[in-house]
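Since the structure comes first, as structure tokens, the remarks are kept for the end.
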Amino acid sequence: MKTLYFTGTGNSLAVAKRIGGELLSIPQEMHKKEITYADDVIGLVFPVYYGSLPKMIRDFLGMVKFEADYLFAVATCGSGAGMVLPDLQKAAEANDIRFDYLNALVMVDNFLPVFEIESEIKRLPEKKTEENLSKMVDDIEDRKEYVPSISLKAKALAPLAKKMLQDKIKDYSSQGFVVNDDCTLCGICTTVCPTANISVAEKITFSDKCDSCYACVHACPQTAIHPKKEQSDKRFRNPDVSLQEIITANNQLK
0 MKTLYFTGTG NSLAVAKRIG GELLSIPQEM HKKEITYADD VIGLVFPVYY GSLPKMIRDF
60 LGMVKFEADY LFAVATCGSG AGMVLPDLQK AAEANDIRFD YLNALVMVDN FLPVFEIESE
120 IKRLPEKKTE ENLSKMVDDI EDRKEYVPSI SLKAKALAPL AKKMLQDKIK DYSSQGFVVN
180 DDCTLCGICT TVCPTANISV AEKITFSDKC DSCYACVHAC PQTAIHPKKE QSDKRFRNPD
240 VSLQEIITAN NQLK
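With numbering that gives the first Met the number 0 applied, the sequence shown corresponds to residues 0 to 253, in that order.
The following block contains the structure:
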């Protein structure tokens, strides 16, 4: 089994580790000239951004070729999954990929312009993350076929909600980040960025390739990087994932 993952603050990597198999980081795999995988079971684990797919995942699905008896995907989110699973199916089918199992796992939401980390951690028990993850791991081991249906209400509201979120992307991406005087130019932000969007010289500079993963924001040891309208100055990394694991997964500095 191969489990391909994309992670910013460790949630999706923690899920990938629980599912098991050979773990492969999508940002690193994107460097290959031919992205082809063959195994009995192959899966994707990735976060929900703005109610849909991260650009990283959308691009990956347009390039990859799978040869497998069973394909699964798990999207991690903090509240609702939005239209990410139908969007995933649509993007996959455009490249002749069809998943046997799709699901979404609600975890700590670390999108700081909307959620407060302290409150999210307190709410974790009511999200039943561990219980639901255990069920998903069992489903995948049993090769269960499952694609959740989307309610008519969700389908009707999705275009409006997606447009509202998409309109905010520029404000909430690195183009809207502020780096304060606490920055020591340590460079950790550059090593956790999966898109090589950050450079360090006399100051931190952001380019225009941000995928809004917020890895740099949450990994900064000085809490010096701040998105607009952040609800909390507390930062988050999944407790089952180390900073070094995120660096290994995302570092584009070669």
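The C-beta atom is built at its ideal place from N, Cα and C for all residues, glycine as well.
Please read all numbers here as calculations on a predicted model, not as lab measurements.
Candidates the options: closest to residue i by CA position
i      : options                        : result
Ala74  : Glu119, Tyr48, Phe65           : Tyr48
Pro220 : Leu132, Phe5, Thr183           : Thr183
Ser211 : Gly175, Glu201, Glu130         : Gly175
Phe45  : Ala67, Asn102, Asp180, Lys89   : Asn102
Ser51  : Pro226, Pro85, Ile246          : Pro85
Glu229 : Thr194, Ile187, Asp108, Ala200 : Asp108
Lys32  : Leu22, Thr8, Lys64, Lys126     : Lys64
Gly81  : Ile120, Asn131, Pro53          : Pro53
Ile139 : Thr8, Pro124, Gly19, Gly186    : Gly19
Ser172 : Cys185, Asp180, Cys192         : Cys192
Ala72  : Pro226, Asn94, Ser11           : Ser11
Asp180 : Glu144, Thr222, Glu129         : Thr222
Ile96  : Pro124, Arg142, Thr35          : Thr35
Arg17  : Val146, Lys208, Leu132         : Leu132
Asp141 : Tyr100, Cys209, Ile224, Leu104 : Tyr100
Ser78  : Ala93, Gln88, Glu92, Phe110    : Phe110
Lys126 : Ser206, Ser231, Cys76          : Cys76
Ser24  : Ala200, Thr6, Ile203           : Thr6
Val136 : Ile187, Asn249, Glu244, Leu104 : Leu104
Glu130 : Met106, Phe235, Leu242         : Met106
Ile41  : Tyr4, Pro26, Tyr145            : Tyr4
Close Cβ partners of residue i (< 8 angstroms) along its chain, the five nearest in sequence each way excluded
i     : result
Met29 : Met55, Asp58, Phe59, Met62
Gln39 : Per the sequence shown, residue 39 should be read as Asp rather than Gln. Answer for Asp39: Met0, Ala67, Asp68, Tyr69, listed in chain order.
Own chain residues within Cβ distance below 6 angstroms of residue i, not counting five before or after
i      : result
Ala13  : Asn237, Asp239, Val240
Ala195 : Gln251
Pro98  : It should be pointed out that residue 98 corresponds to Phe in this sequence rather than to Pro. Contacts found: Leu70, Ala72.
Ser206 : Asn196
Residue i, enclosing beta strand (DSSP E) - first and last residue
i      : result
Leu104 : 100-105
Pro46  : 40-46
Cβ neighbours of residue i in the same chain (closer than 7 angstroms, five flanking residues each side left out)
i      : result
Leu252 : Thr189, Thr190
Ile246 : Thr190, Val191
Span of the alpha helix (DSSP H) around residue i
i      : result
Lys121 : 116-126
Leu3   : Careful: Leu3 lies outside any alpha helix (DSSP H), inside the beta strand (DSSP E) at 1-4.
Ile18  : 10-18
Whole-number beta carbon distance between residue j and residue i, since they are thought to touch under 8 angstroms
i      : j    : result
Tyr213 : Thr8 : 7 angstroms
Closer than 7 angstroms: residue i CB and nearest the ligand GDP heavy atom
i      : result
Lys134 : Absence of the ligand GDP from the depicted structure is noted, as is the absence of any ligand whatsoever, leaving it without description.
Practice item. Output the residue ranges of the alpha helix (DSSP H) runs that lie fully inside the region 52-91 and measure 4 residues or longer, sorted by chain position. Key: 54-62
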